[in-house]
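Chemist: Before anything else, here's the structure in question.
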Amino acid sequence: MPKDLMAAPADPQAPAQPGGADDRLRIGDRVLTSRLIHGTGRFPSSAVLAACIAAAGPGMLTVAVRRLHLDGDRRSELEGLDLRRYPLLPNTAGARTAAEAVRLARLGRAAGLSDWVKVEVVGDPDTLLPDPVETLEATRQLVAEGFTVLPYTSDDVVLAFRLAEAGAAAVMPGAAPIGTTLGVQNIHNLRLIIARCPVPVIVDAGLGVPSDATRVMEWGAAGVLVNTAIARAGDPVAMAAAFAGGIAAGRAAHRAGPAEWRAGGHGASSPASGLPTAPNTPSAP
Amino acid sequence: MNEHGAVEVMANGEPRSVPAGSTVAALLERLAVDPATVVVERNGTILRGPALGQVVLEPGDVLEIVHFVGGG
Numbered sequence: 004m005p006k007d008l009m010a011a012p013a014d015p016q017a018p019a020q021p022g023g024a025d026d027r028l029r030i031g032d033r034v035l036t037s038r039l040i041h042g043t044g045r046f047p048s049s050a051v052l053a054a055c056i057a058a059a060g061p062g063m064l065t066v067a068v069r070r071l072h073l074d075g076d077r078r079s080e081l082e083g084l085d086l087r088r089y090p091l092l093p094n095t096a097g098a099r100t101a102a103e104a105v106r107l108a109r110l111g112r113a114a115g116l117s118d119w120v121k122v123e124v125v126g127d128p129d130t131l132l133p134d135p136v137e138t139l140e141a142t143r144q145l146v147a148e149g150f151t152v153l154p155y156t157s158d159d160v161v162l163a164f165r166l167a168e169a170g171a172a173a174v175m176p177g178a179a180p181i182g183t184t185l186g187v188q189n190i191h192n193l194r195l196i197i198a199r200c201p202v203p204v205i206v207d208a209g210l211g212v213p214s215d216a217t218r219v220m221e222w223g224a225a226g227v228l229v230n231t232a233i234a235r236a237g238d239p240v241a242m243a244a245a246f247a248g249g250i251a252a253g254r255a256a257h258r259a260g261p262a263e264w265r266a267g268g269h270g271a272s273s274p275a276s277g278l279p280t281a282p283n284t285p286s287a288p
Numbered sequence: 502m503n504e505h506g507a508v509e510v511m512a513n514g515e516p517r518s519v520p521a522g523s524t525v526a527a528l529l530e531r532l533a534v535d536p537a538t539v540v541v542e543r544n545g546t547i548l549r550g551p552a553l554g555q556v557v558l559e560p561g562d563v564l565e566i567v568h569f570v571g572g573g
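Here the protein sequences come in this chain order: G and L. Using our numbering, you'd call the opening residue of the first sequence number 4 and step up by one each time. Using our numbering, you'd call the opening residue of the second sequence number 502 and step up by one each time.
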């Protein structure tokens, strides 16, 4: 463990990153036009997915790599989407080992002509929780192969540091297990990762509603990856727009710098002085 | 090669028979797959662009033909 990463925590009350009109998220060689990363799985139809993406205006789209169905219906939910319009982040979903993740990453690179990859190695098929050992190993190998690696990880603080140390361009801790829509389950760990990890932190997985995204953005997360919460909403297109708004609000609040907590508060919001004097005459019966 | 001059390969887990001497590109054509929309891995090695038209299928070759699908 590098000592500098275990040094005193960054001041959580420190002002947001110093101003500048350009608040776009920079990771590796990309400048993202939005801090919302949009998943593309489990949508009711490709038309709904396309409308969600149009409503959300995401900075990147995640995709998975799978066999083409050689017999029968070959269409995928991505059909009809112009994938060249958005930067793609192929994932390694389905991998259970580092070796499988590396293989899927190489296939994704060949398919997408970019060396970006979201490393996802599931260690428990029931909960889809990531395997920390295989995730770290896959990150090391893919960094060595020149990939820009964004690993999906648990909310373990030291593991996030280790992934950054291994060369991850950003780390993607889950708020809650994939697809649960439970929102942030370990506030303290997630805040520690956001405050102290030396690379951008993108909260991935388990978010349910836009306020979940707003919260983590207020804490200083660099971005949010949303899939199920949009795809499975009653009105996915409206929810996509709501998440975009929630993320923008949280980011703006982080930059603005939340008012400091004080015991007893900051005092009354309305002035204590200048109250009009009550007339001496008793009020009418 | 069998007695009919065909070569048996595995494509996405299913046996496929192609004429002896077929290239990977010829197999994709038989399957009506646009090579620009997929990535082909042969025996664990990704074949890029021109290689698809150059590599001749051999008996027992294992091919994975993949593309992007929705995912999170």
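Just so it is clear, CB atoms sit at the ideal spot from N, CA and C, and this is done for glycine as well. Values in this document were obtained by computation on a predicted structure and should not be read as measured data.
Would Ile547(L) and Leu110(G) qualify as a contact pair, given that the criterion is a beta-carbon distance under 8 Å?
Modeler: Yes, Cβ-Cβ distance for Ile547(L) and Leu110(G) is below 8 Å.
Chemist: Mind checking who Asp127(G) pairs with in its DSSP beta bridge?
Modeler: Leu132(G).
Chemist: Which of the three DSSP states is assigned to Ala98(G) in this structure?
Modeler: Three-state result, Ala98(G): strand.
Chemist: My understanding is that Ala113(G) touches Thr142(G), with C-beta atoms under 8 Å, so please give their C-beta distance in whole angstroms.
Modeler: Rounded, the Cβ-Cβ distance is 20 Å, inconsistent with contact.
Chemist: Can you check which of these residues, Pro154(G), Val240(G), Leu131(G), is closest to Ala169(G) by C-alpha distance?
Modeler: Ranking the options by Cα distance to Ala169(G), first place goes to Pro154(G).
Chemist: To the nearest whole angstrom, what separates the beta carbons of Phe569(L) and Leu81(G), a pair I think is in contact under 8 Å?
Modeler: Yes, Phe569(L) and Leu81(G) are in contact; Cβ-Cβ is about 6 Å, under 8 Å.
Chemist: Measure the alpha-carbon distance for Leu553(L) versus Pro520(L) and round it to whole angstroms.
Modeler: Near 16 Å, if we compare the C-alpha coordinates of Pro520(L) and Leu553(L).
Chemist: For the stretch 77-92 of chain G, which residues have a CB atom closer than 9 Å to at least one CB atom of chain L, in sequence order?
Modeler: Residues Arg77, Ser79, Glu80, Leu81, Leu86, Leu91.
Chemist: Can you look up Leu548(L) in the DSSP assignment and give me helix, strand or coil?
Modeler: Residue state, collapsed to three classes: strand.
Chemist: Could you give the distance in angstroms between the alpha-carbon of Gly177(G) and the alpha-carbon of Glu263(G)?
Modeler: Each residue's Cα considered, the two are about 27 Å apart.
Chemist: Kindly indicate which three-state DSSP category Ala172(G) falls into: helix, strand or coil?
Modeler: The answer is coil: DSSP assigns Ala172(G) none of H, G, I, E or B.
Chemist: Taking a Cβ distance cut-off of 8 Å, strictly less, list which residues of the stretch 524-537 of chain L are near chain G, in chain order.
Modeler: Residues Leu532, Val534.
Chemist: Give the interface partners of Arg543(L) over in chain G, defined as CB-CB distance under 8 Å, in chain order.
Modeler: Here the premise fails: no neighbours, minimum Cβ distance about 12 Å.
Chemist: Would you mind telling me which residues of chain L sit closer than 7 Å to Arg70(G), beta carbon to beta carbon, in chain order?
Modeler: Chain L residues near Arg70(G): Asn513, Glu565, Ile566, Val567.
Chemist: For Arg88(G), count neighbouring C-beta atoms within 10 Å of its own C-beta (all shown protein chains included) and say buried if the count is 16 or more, exposed if not.
Modeler: Burial call: exposed.
Chemist: What distance in whole Å lies between the Cβ atoms of Ala54(G) and Val2(G), which are believed to be in contact at a cut-off of 8 Å?
Modeler: Any property of residue 2(G) remains undetermined from this structure, which presents chain G solely from 4 to 288.
Chemist: So the alpha helix (DSSP H) Ile233(G) belongs to, where does it begin and stop?
Modeler: Taken as a continuous stretch (DSSP letters only), the alpha helix (DSSP H) holding Ile233(G) covers 231-234.
Chemist: From which residue to which residue does the beta strand (DSSP E) around Val541(L) run?
Modeler: Note, Val541(L): beta strand (DSSP E), 540-543.
Chemist: Flag Val556(L) as yes if its beta-carbon sits less than 8 Å from any beta-carbon of chain G, otherwise no.
Modeler: For Val556(L), the answer is no, since every Cβ of chain G falls outside 8 Å of its Cβ.
Chemist: Candidates Pro128(G), Thr138(G), Thr36(G), Ser214(G): which alpha carbon is nearest Gly182(G)'s?
Modeler: Nearest C-alpha to Gly182(G): Pro128(G).
Chemist: Using a Cβ-Cβ distance cut-off of 8 Å, determine whether Asn230(G) contacts chain L.
Modeler: Yes - at least one Cβ of chain L is within 8 Å of the one on Asn230(G).
Chemist: Should Ile40(G) be listed as close to the ligand GTP, given that the test is whether its C-beta is under 7 Å from any heavy atom?
Modeler: Of the ligands one can find in the structure shown there are none, so the ligand GTP has no counterpart to examine.
Chemist: Assign Lys6(G) to buried or exposed, taking buried as 16 or more other Cβ atoms, counted over all protein chains shown, within 10 Å of its Cβ.
Modeler: Here the model assigns Lys6(G) a pLDDT of 42, short of 50, so the residue's position is not dependable and the matter cannot be decided.
Chemist: So, is His191(G) buried or exposed, given that buried needs 16 or more other C-beta atoms within 10 angstroms?
Modeler: With fewer than 16 Cβ atoms within 10 Å of its Cβ, His191(G) is classed as exposed.
Chemist: Give, in chain order, every unbroken run of the alpha helix (DSSP H) that is at least 4 residues long and sits entirely within the stretch 130-167 of chain G.
Modeler: Runs found: 135-147.
Chemist: Find the residues of chain G that neighbour Val540(L), judging by a C-beta separation of less than 7 Å, and give them in chain order.
Modeler: Residues of chain G passing the Cβ test: Leu110, Ala113, Ala114.
Chemist: Answer yes or no: does any C-beta atom of chain L fall closer than 8 Å to that of Gly249(G)?
Modeler: Chain L contact via Cβ: absent.
Chemist: Could you check the C-alpha separation between Leu131(G) and Gly270(G) for me, to the nearest Å?
Modeler: Leu131(G) and Gly270(G): Cα-Cα distance of roughly 47 Å.
Chemist: Classify Thr65(G): buried if its beta carbon has 16 or more other beta carbons within 10 angstroms, exposed otherwise.
Modeler: Buried: at least 16 other Cβ atoms inside 10 Å.
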